[in-house]
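Visitor:
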Amino acid sequence: MPQIRLENLVKKYGAVEVLHGIDLEMANNEFTVLVGPSGCGKSTTLRMIAGLESVSSGEIYIDDRPISHLEPKERGLAMVFQDYALYPHMDVAQNISFALRLQKRPKAEIAAKVREVAEIVGLTDFLQRKPAALSGGQRQRVAMARALAKDSGIFLFDEPLSNLDAKLRGQMRAELALMRQKLAKNMIYVTHDQIEAMTLADRIVVMHGGDIQQQGAPEELFKKPANKFVAGFLGSPPMNFMDAELQQENDRLYAKGHGFAFALPEQKAKTLGKTEGKVTVGIRPSDLNYDDTAPEGAGLNLNVRVAEYVGAQSVLMCACETSDVTVELKSETPIALGKTLRFAVRPEGIHVFDRTSEVAL
Amino acid sequence: MQQERLNPAFYALLATLIFMSVGPIALMLINSFKLDVDIISGTSGLLFLPTIRNYETALCDILWYTPEHMDYCALKFGGAMINSLIIALISTALTLVIGCMAAYALVRFRFMGRDSASLTTLMVRMVPPAVLLVPVFGLWNNDFCISKQSWLGEIIRESFGGRGDVCLAGTHSGIILIYVAMNLPFVIWILQSFIVQVPRSLEEAAKVDGAGPFQVFFKIVLPLIKPGLAAAAIFTFRIAWNEYLLASALSDRDTKTVPILIVNNMSEFNVEWGVIMATGMLLAIPPIIFTLLASRQIIAGMTAGAVKG
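One line per chain: the protein sequences are A and B, in this order. Number 361 marks the last residue of the first sequence (our numbering); no jumps. Number 1309 marks the last residue of the second sequence (our numbering); no jumps.
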């Protein structure tokens, strides 16, 4: 499959620079997810790859061939749009075969391809319908089928699931993951939903403010976020951040803040390379466990303010003196609002960030 | 069950309105089948023997036989009808083709002076046609001419006859040109509002699917603005069909349109009511057919289902 490489890609609208030099290389048959908050430049990047936005500077390569000067139709990509973008005056079969008909392929070949693709997405019974007579999920499938019919090696998705309701989104996400296993294609997927990113991606590229913050496998990003932004963006509920100061005591390095003090694991203390200074400590809600007996230096006291019951799990909004802390724990844990409980911190779950540069230490 | 009864006054109003709108047409239709004697004779004319003599008189120049009641065909109604059709159809077609492309450019392309261009198109429409008449008449007669000595002029004079230089005045092209110019601003204005409604992502999807700019326009945009095109076509056709002022000044004996012929018919001879009614009925038929055909294209919700929202 053709390989995509972005080299120092810059996008400017007038004097405003929205992408500040993106470098990215996608491996063969990789599912790359560009994820980030609104306005981070992820959609712009995708649209530049598709040829729908011009490139201000830098270059896009497909198989080492620069393509940024080419028209969209010369790039041979397939794309699924956020709002489906189905041709309303054509029926489903015509929608799917539009690209093939433009290429003037033989009629029999087109018909066969339409049947094959419709089979994959489960639209065989709807080929004669107009888009207006389809449900949201079916329209989404038509959009997928239209992209599939092109036989392109590169698939672009621009937030394809964001218009579906929550249940359908989950279902389509699963189908997409299934389809992904069957198809050997390079896929680039843009989303602002970190759950989609985590579940679908081989490689996640977290973008923020027109820069790539970090890229890598979902697990790697989740476990070793490069900075505070990535740490806070991935994971739900988001990571807790607390201001702390590093202090050396009795051969151990402590992170001390208002109402808590954790001993950092020795491995971590070594790699930190410093023994003093102002930092931000990050702990994921799932790394806090309800434990009355947690010793000093390995736990903290939290005042439970709000409990959100979400089935097997409950999310507690707590206060640790001045800072807010979210905890995720099993619902059967006996908790009471307004009470102060003791939680143990999983030592591996302590992340330390520089307070000014926000880079992970 | 509660049955809601409408006020009888409502029905009375409805009947009055129907009478007011249908009455004149019915009167014209009935009178077109009467002899002049019956038309003028008041109440006694209510009972009459229908005759197609008026229609025969009106269409005498394109009938294959000479009607018994007349010995000379003075009225060139058939020819005028053909002139009207040529002028109205061609000017409508030209207006739509140019109009949809101009509207697309004004909506989708970014170029300097786009907004002012879009606004000034409508400002042209604010000038009354009568104001245009004098300069256009002058230009068409004196400036937009090909000398009869020139190569092309010679060919035209040889094949079509006539004297003097070959000018726009008195030709179909001259009238078509002014009609196109007159109708374009409004058509562009209408079509702009339709094109704006075509989701941009549809065009982008088509581009990614491998369509060039013209394919995007003809295969995606044009089918979706069909209702707008139909509305614009009806509008343009009716104006071109009914226009009197400019056509009367710019046409000659051979390029006369129907409205002019009818008016001339009233003044040149004694008023032949029967024939006027017959020509009036005939005049009404083409726009009715055209409107019926075109209005079939006006389907609500053309873009339904294209995008979420």
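Every residue, glycine too, gets a C-beta built ideally from N, C-alpha and C.
Using the rule of at least 16 other Cβ atoms within 10 Å of the residue's Cβ for burial, across every protein chain shown, is residue 9 of chain A buried or exposed?
Guide: The residue in question, residue 9 of chain A, is buried, as its Cβ has 16 or more Cβ neighbours within 10 Å.
Visitor: Compare the C-beta of residue 1118 of chain B against all C-beta atoms of chain A and say whether one is closer than 8 Å.
Guide: Judged by the 8 Å Cβ criterion, residue 1118 of chain B is not in contact with chain A.
Visitor: Which residues of chain A have a Cβ atom closer than 7 Å to the Cβ of residue 1307 of chain B, listed in chain order?
Guide: Chain A residues near residue 1307 of chain B: 83, 84 and 85.
Visitor: Quick one: list the residues of chain A neighbouring residue 1199 of chain B, beta-carbon separation under 8 Å, in chain order.
Guide: Those are 83 and 85, listed as they occur along chain A.
Visitor: Report yes if the CB atom of residue 164 of chain A is closer than 8 Å to the CB atom of residue 136 of chain A, and no otherwise.
Guide: Yes; because the gap between Cβ atoms is below 8 Å, this pair is in contact.
Visitor: Could you give the distance in angstroms between the alpha-carbon of residue 58 of chain A and the alpha-carbon of residue 211 of chain A?
Guide: Going by the C-alpha atoms only, they are around 14 Å apart.
Visitor: Name the one or two DSSP bridge partners that residue 317 of chain A has.
Guide: Beta-bridge pairing links residue 317 of chain A to A:306 and A:326.
Visitor: State the DSSP-derived secondary structure class of residue 185 of chain A, mapped to helix, strand or coil.
Guide: Reduced to three states, the DSSP call for residue 185 of chain A is coil.
Visitor: With residue 1171 of chain B and residue 1255 of chain B assumed to form a contact (beta carbons below 8 Å), what rounded beta-carbon distance in angstroms separates them?
Guide: Right, the Cβ-Cβ distance comes to about 6 Å (below 8 Å), so this counts as a contact.
Visitor: Closer than 8 Å by beta-carbon distance: list the chain A residues that pair up with residue 1209 of chain B, in chain order.
Guide: Within 8 Å Cβ-Cβ: 73, 98, 99, 102, 146 and 150.
Visitor: Under 7 Å between beta-carbons, which chain A residues line up against residue 1223 of chain B? List them in chain order, please.
Guide: Within 7 Å Cβ-Cβ: 89.
Visitor: Could I get the ranges of all uninterrupted alpha helix (DSSP H) runs contained in the region 58-109 of chain A, with 4 residues as the minimum, in chain order?
Guide: List check, alpha helix (DSSP H) in window: 72-75 and 92-102.
Visitor: For the beta strand (DSSP E) holding residue 1072 of chain B, just list the boundary residues, first then last.
Guide: Run containing residue 1072 of chain B: none; DSSP gives neither H nor E here.
Visitor: Give the range of the beta strand (DSSP E) segment to which residue 1054 of chain B is assigned.
Guide: Here residue 1054 of chain B belongs to no beta strand (DSSP E); instead the alpha helix (DSSP H) covers 1053-1058.
Visitor: Can you give me the Cβ contacts of residue 168 of chain A inside the same chain, cut-off strictly under 7 Å, excluding the 5 residues immediately before and after it?
Guide: Excluding residues within five positions, the ones whose Cβ falls inside 7 Å are 136 and 137.
Visitor: So, at 6 Å on beta carbons, what are the nonlocal neighbours of residue 1001 of chain B in its own chain, with the 5 sequence-adjacent residues on each side left out?
Guide: Bear in mind that a pLDDT of 48 at residue 1001 of chain B, under 50, signals an unreliable position, so the number given afterwards is only what the model happens to contain. No residues qualify anywhere along the chain.
Visitor: Indicate whether residue 362 of chain A and residue 114 of chain A have their beta-carbon atoms separated by less than 8 Å.
Guide: There is no way to answer for residue 362 of chain A, as the model of chain A reaches only from 1 to 361.
Visitor: Using three-state DSSP, classify residue 1031 of chain B as helix, strand or coil.
Guide: It is helical.
Visitor: Please report the distance separating the alpha-carbon of residue 300 of chain A from that of residue 85 of chain A.
Guide: Near 52 Å, if we compare the C-alpha coordinates of residue 85 of chain A and residue 300 of chain A.
Visitor: Is it true that the CB of residue 1175 of chain B sits closer than 8 Å to the CB of residue 1087 of chain B?
Guide: Contact: yes.
Visitor: Between A:221, A:131, A:200 and A:243, which has its C-alpha nearest residue 321 of chain A's C-alpha?
Guide: Closest by alpha carbon: A:243.
Visitor: Rounded to whole angstroms, what is the Cα-Cα separation between residue 251 of chain A and residue 277 of chain A?
Guide: Residue 251 of chain A and residue 277 of chain A: Cα-Cα distance of roughly 17 Å.
Visitor: In three-state terms, what does DSSP make of residue 16 of chain A?
Guide: The answer is strand: DSSP assigns residue 16 of chain A an E or B state.
Visitor: Which residues of chain A have a Cβ atom closer than 9 Å to the Cβ of residue 1204 of chain B, listed in chain order?
Guide: 47, 50, 52, 72, 79, 81 and 85, listed in chain order.
Visitor: Report the option in A:335, A:266, A:36 and A:202 whose CA atom is closest to the CA atom of residue 194 of chain A.
Guide: Cα-wise, what sits closest to residue 194 of chain A is A:36.
Visitor: Using a Cβ-Cβ cutoff of less than 7 Å, which residues in the same chain neighbour residue 1231 of chain B once the five nearest sequence positions on both sides are dropped?
Guide: For residue 1231 of chain B, where only same-chain residues beyond five positions count, the Cβ hits under 7 Å are 1190 and 1298.
Visitor: Please confirm if residue 1212 of chain B has its CB atom under 8 Å from at least one CB of chain A.
Guide: It does; some Cβ of chain A falls within 8 Å.
Visitor: Using only alpha-carbon positions, find the residue among A:174, A:185, A:177 and A:155 that is nearest to residue 28 of chain A.
Guide: Among A:174, A:185, A:177 and A:155, the Cα nearest to that of residue 28 of chain A is on A:185.
Visitor: Taking the alpha carbon of residue 7 of chain A as the point to measure from, which residue in A:19, A:1 and A:281 has its own alpha carbon closest?
Guide: Checked all of A:19, A:1 and A:281; the closest Cα to residue 7 of chain A is A:19.
Visitor: Here's the rule I'm using: 16 or more other beta-carbon atoms within 10 Å means buried, otherwise exposed. How should residue 188 of chain A be labelled?
Guide: Per the 10 Å Cβ criterion, buried.
Visitor: Which residue from A:285, A:245 and A:351 puts its Cα closest to that of residue 225 of chain A?
Guide: Of A:285, A:245 and A:351, the residue nearest in Cα terms is A:351.
Visitor: Look at the alpha carbon of residue 14 of chain A and the alpha carbon of residue 56 of chain A, and state the distance between them as a whole number of angstroms.
Guide: Spanning the two alpha carbons is a distance of roughly 10 Å.
Visitor: In this structure, how does DSSP classify residue 1206 of chain B when only helix, strand and coil are distinguished?
Guide: Reduced to three states, the DSSP call for residue 1206 of chain B is helix.
Visitor: Sort B:1054, B:1119 and B:1089 by Cα distance to residue 947 of chain B and report the nearest one.
Guide: Because chain B here runs from 1001 to 1309, residue 947 of chain B falls outside it and cannot be looked at.
Visitor: Note down, in chain order, every chain A residue with its Cβ under 8 Å from the Cβ of residue 1215 of chain B.
Guide: Ordered by position in chain A, the residues that pass the 8 Å Cβ test against residue 1215 of chain B are 102.
Visitor: Identify the contact partners of residue 1220 of chain B in chain A, using a Cβ-Cβ distance below 8 Å as the criterion.
Guide: The contacting residues are 87.
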